[in-house]
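>
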Amino acid sequence: MSIYGLLYFLLLLTITLAFNFDRESSNYGDDNDADEAEGYNDVADVPLNPEYRSGKFEGDIVLPNGIDGIDGLAREGISRKAIWDNGVIPYTVDRAFSRDQVTIINAAMADIQAKTCVRFREKTAEDTRWVRIINGGGCYSNIGRQSTTGGQDLSLGPDCFWGTGGTVRHELMHVLGFFHEQSRTDRDSHVRIVWENVDDSEVARSQFTKSNKHEVTNLDTEYDLDSIMHYDRFAFQKVRDLRRPTIIALNGRTDFGQRNGFSRIDVLEMNKLYECPEEVEVKEPRRQQSSLENECSNISAQKKMFLNGRCYVASEEAAVFNDAVENCDHLDTAHAHLAFASTRTLVNALYSMVLGEDEVLTTAYFVGAYQMVLHPESPRRGWHWMLSKNRPGPGIRHNAEIWRRGEPNDRNGLDERAAAIANYGGLDDVPEHAKFYYICEYRN
């Protein structure tokens, strides 16, 4: 080979190496991001609360006519003229909602009534202001009672009923008169908005407008990362990527933005705003059994549990992981899969369920966690919850609290790519071709 040929070869080699390095970097970020990104490289892993997608001010707030921002809105918001007279909210519910959706709406209202002096009642002919609960496609509401007479819309589209009904509770707090928590005047002392990760559109950037302290009251309560009114850390991202949060809590927490239920401070604020007597008894509302709960109770399996709107059933025969996935996927329901044991609390509950009256758990139970190859050209793998066979769902960190201490570890050099609840609780990585019992989860 001539000297020119050698130089040409070296030039091509350099370009090829640079391209491959750039491609790997674009997939995974730098070394400092590796642990955070493990198992989360698919943008579908980034959670999105449904109220972000309604296209309103701050995602789900309907502005009154003639008002184009939070400063003007605040004058109509948390003030005595924006709350409902005597804490009573008349309402109507559109007949298009299903029975289960109405049950979730009623449960959210009952939750507020059990913890405050606020009361919801069906509209009468004498009411001149009321809330129309409709399916407007998205999740959105006005802030508080509006000054004009007539009905004001509270929209609960199909996506608003996910999970434990937290989004319905979120929208009802808007109806009562509450803004989003991260709009508080003191938010910069508790969270940092990462503006370079926020979508560049004016609409998206306006979602993080901070209130004027002269116009909005914090009701003398502390800033609440646990509030059902707080955005999560990925709200209104420019690029859907778990390594690019839009909100960072200054105390290091990452679990804010929950839509499970009212926080202690949410309840305190509702009682303060509506000047409820201190002797209001906080109690859990009476709850009607859902159709799924009734179905769950009628299943003949020895080990089963209904929890947070989900039915969990343990198999009575062992199977390899792929067969367990397929068996759950073919249950007589459109929403069935191996159980997503996604929190330590749920892992402990499932462990207690399969343990039963035994003192020691003598066999493992597959759950729906699997370690996949993320990219064909890379040996790197990530743990995911599996929605069905060959269909990955959300990612799982290697250091998540659901794992038993020291797991996952590919014990004794074995390639352990499935996960199971084993003795002593917590999740353990296990061989996918071993036969274990398994836990199916399904919902309406």
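Numbering (mature numbering (1 follows the signal peptide of the UniProt record, and there is no 0)) for the sequence shown: -18 to -1, 1 to 426. All residues carry an ideal CB built from backbone N, CA and C; glycine is no exception.
Using CA atoms only, rank isn't needed, just tell me which of Q189, A107 and Q95 is closest to A217.
Working through the sequence shown from its first residue, we reach residue 217 at position 235. Considering only alpha carbons, the answer is Q189.
> T74 CB to nearest chain C CB: under 8 Å?
In the structure shown, chain C does not exist; there is a single protein chain.
> Classify W365: buried if its beta carbon has 16 or more other beta carbons within 10 angstroms, exposed otherwise.
On the sequence shown, residue 365 is found 383 positions in, with the first residue counted as 1. Buried, by the Cβ-count rule.
> Give me, in chain order, the residues of the same chain whose beta-carbon lies closer than 8 Å to that of G407; leave out the 5 immediate sequence neighbours on both sides.
If you number the sequence shown from 1, residue 407 lands on position 425. So the qualifying residues of the chain are V329, N330, Y333 and R386.
> So A90 is in the alpha helix (DSSP H); what residue range does that whole segment cover?
Residue mapping note: residue 90 aligns to position 108 of the sequence shown, counting from 1. R81 to K97 is the extent of the alpha helix (DSSP H) around A90.
> Mind checking who V329 pairs with in its DSSP beta bridge?
By one-based count along the sequence shown, residue 329 stands at place 347. Looking at the DSSP assignment, V329 forms no beta bridge with any residue, so it has no partner.
> What number of angstroms, rounded off, separates the C-alpha of E277 from the C-alpha of E308?
If you number the sequence shown from 1, residue 277 lands on position 295. If you number the sequence shown from 1, residue 308 lands on position 326. Spanning the two alpha carbons is a distance of roughly 21 Å.
> If you draw a straight line from the alpha carbon of E414 to that of F79, how long is it in whole angstroms?
Residue mapping note: residue 414 aligns to position 432 of the sequence shown, counting from 1. Residue mapping note: residue 79 aligns to position 97 of the sequence shown, counting from 1. Cα to Cα, the separation comes out at about 42 Å.
> When you compare the CB positions of residue 427 and I71, do they come within less than 8 Å of one another, or not?
Past the edges of the chain, shown from -18 to 426, lies residue 427, and the structure says nothing about it.
> Have a look at D392 and A400 and give me their C-alpha separation to the nearest angstrom.
Walking along the sequence shown from the start, residue 392 turns up at place 410. Walking along the sequence shown from the start, residue 400 turns up at place 418. Using only the alpha carbons, I get a separation of about 10 Å.
> Under 8 Å, with one C-beta from each stretch per pair, do the region 146 to 159 and the region 248 to 262 reach the 3-pair mark?
With a cut-off of 8 Å, the region 248 to 262 and the region 146 to 159 count as touching, because enough Cβ pairs lie within range.
> For T228, is the classification buried or exposed, using 16 other Cβ atoms within 10 angstroms of its Cβ as the cut-off for buried?
The residue given as residue 228 occupies position 246 in the sequence shown. Looking at its Cβ environment, which holds 16 or more other Cβ atoms inside 10 Å, T228 is buried.
> Between G126, S123, Q83 and I125, which lies nearest to G147 when the distance is taken from Cα to Cα?
Taking the sequence shown and counting its residues from 1, the one referred to as residue 147 is at position 165. Cα-wise, what sits closest to G147 is Q83.
> By DSSP, does D168 sit in helix, in strand, or in coil?
One-based indexing of the sequence shown puts residue 168 at position 186. Reduced to three states, the DSSP call for D168 is coil.
> By how many angstroms is the C-alpha of R101 removed from the C-alpha of I210?
Residue numbering aside, residue 210 sits at position 228 when the sequence shown is read from its first letter. Residue numbering aside, residue 101 sits at position 119 when the sequence shown is read from its first letter. Rounded to the nearest angstrom, the two C-alpha atoms are 20 Å apart.
> What are the uninterrupted segments assigned as alpha helix (DSSP H) that are 4 or more residues long and contained completely in the region 96 to 158, given in chain order?
As far as the region 96 to 158 is concerned, its whole alpha helix (DSSP H) runs of at least 4 residues are 148 to 158.
> Can A318 and D311 be called in contact, C-beta distance under 8 Å?
For the purposes of this step, residue 318 is taken as the residue at position 336 of the sequence shown. For the purposes of this step, residue 311 is taken as the residue at position 329 of the sequence shown. Going by C-beta atoms, A318 is nearer than 8 Å to D311.
> Using a 10 Å radius around the Cβ and a threshold of 16 neighbouring Cβ atoms, would you call L409 buried or exposed?
Position 427 of the sequence shown, counted from the start, is the residue given in the question as residue 409. Its Cβ being crowded by 16 or more others within 10 Å, L409 is buried.
> From R425 to A107, what distance separates their C-alpha atoms?
For the purposes of this step, residue 425 is identified with residue 443 of the sequence shown, where counting begins at 1. For the purposes of this step, residue 107 is identified with residue 125 of the sequence shown, where counting begins at 1. Rounded to the nearest angstrom, the two C-alpha atoms are 39 Å apart.
> What are the boundary residues of the beta strand (DSSP E) that includes V230?
Sequence index remark: in the sequence shown, residue 230 carries index 248 (1-based). Per the sequence shown, residue 230 should be read as Ile rather than Val. Unbroken beta strand (DSSP E) run through I230: I229 to A231.
> Taking F288 as the reference, give the member of Q353, I421 and F143 with the closest Cα.
Position 306 of the sequence shown holds residue 288. Comparing Cα positions, the closest option is I421.
> Which residues in the same chain as D181 place their Cβ atom closer than 6 Å to its Cβ, once the five residues preceding and following it in sequence are excluded?
Here the question's residue 181 lines up with position 199 in the sequence shown. Same-chain partners within the cutoff: F218 and K220.
> Taking the beta strand (DSSP E) that residue 429 belongs to, which residues open and close that run?
The chain is shown from -18 up to 426; residue 429 falls before or after that span and cannot be answered.
> Need the endpoints of the beta strand (DSSP E) that C293 sits in, please.
The residue labelled residue 293 in the question sits at position 311 within the sequence shown. It spans R292 to A296 - the beta strand (DSSP E) in which C293 sits, taken as one unbroken run.
> Could you tell me which residues DSSP puts in a beta bridge with residue 427?
Here the chain comprises residues numbered -18 to 426, so residue 427 is not present and cannot be evaluated.
> Under 8 Å by Cβ, that's how I've got M354 and A296 pegged, so tell me the actual separation to the nearest angstrom.
By 1-based counting over the sequence shown, the position of residue 354 is 372. By 1-based counting over the sequence shown, the position of residue 296 is 314. Not quite, the Cβ-Cβ distance comes to about 25 Å (not below 8 Å), so this is no contact.
> Note down, in chain order, each residue of its chain lying with its Cβ closer than 7 Å to the Cβ of G118, except the 5 sequence neighbours on either side.
On the sequence shown, position 136 is the one that residue 118 refers to. For G118, where only same-chain residues beyond five positions count, the Cβ hits under 7 Å are D135, S137 and G139.
> Can K285 and G350 be called in contact, C-beta distance under 8 Å?
Start at 1 with the first residue of the sequence shown, and residue 285 comes out as number 303. Start at 1 with the first residue of the sequence shown, and residue 350 comes out as number 368. Result no, Cβ atoms of K285 and G350 do not sit closer than 8 Å.
> Could you check where the alpha helix (DSSP H) with F303 kicks off and where it finishes?
Indexing the sequence shown from 1 puts residue 303 at position 321. Element bounds for F303: F303 to D311.
> Between V113 and the ligand NAP, is the CB less than 7 Å from at least one heavy atom?
The ligand NAP is absent from the structure shown, which contains no ligand whatsoever.
> Roughly how many angstroms separate the alpha carbons of R174 and S245, rounded to a whole number?
Within the sequence shown, the letter at position 192 stands for residue 174. Within the sequence shown, the letter at position 263 stands for residue 245. Taking the straight line from one Cα to the other gives about 22 Å.
> Looking only at its chain, what residues have a beta carbon closer than 6 Å to the beta carbon of E396, apart from the 5 residues adjacent to it on each side?
By one-based count along the sequence shown, residue 396 stands at place 414. It should be pointed out that residue 396 corresponds to Leu in this sequence rather than to Glu. The residues are P413.
> For A323, which of E298, S282 and M368 has the nearest alpha-carbon?
The sequence position of residue 323 within the sequence shown is 341, counting from 1. Nearest of E298, S282 and M368 to A323, Cα basis: M368.
> In chain order, what residues of the same chain have a beta carbon less than 8 Å from the beta carbon of F1, not counting five sequence neighbours either side?
Position 19 of the sequence shown holds residue 1. Note on F1: pLDDT 39, under 50, position unreliable in the model; no value is reported.
> Exposed or buried, G388, counting other C-beta atoms within 10 Å across all chains shown (16 or more means buried)?
On the sequence shown, residue 388 is found 406 positions in, with the first residue counted as 1. Answer is exposed; the Cβ neighbour count stays below 16.
> In this structure, does DSSP put A351 in helix, strand or coil?
Here residue 351 refers to the residue found at position 369 when the sequence shown is read from its first residue. In the structure shown, A351 sits in a strand (DSSP, three-state: E or B).
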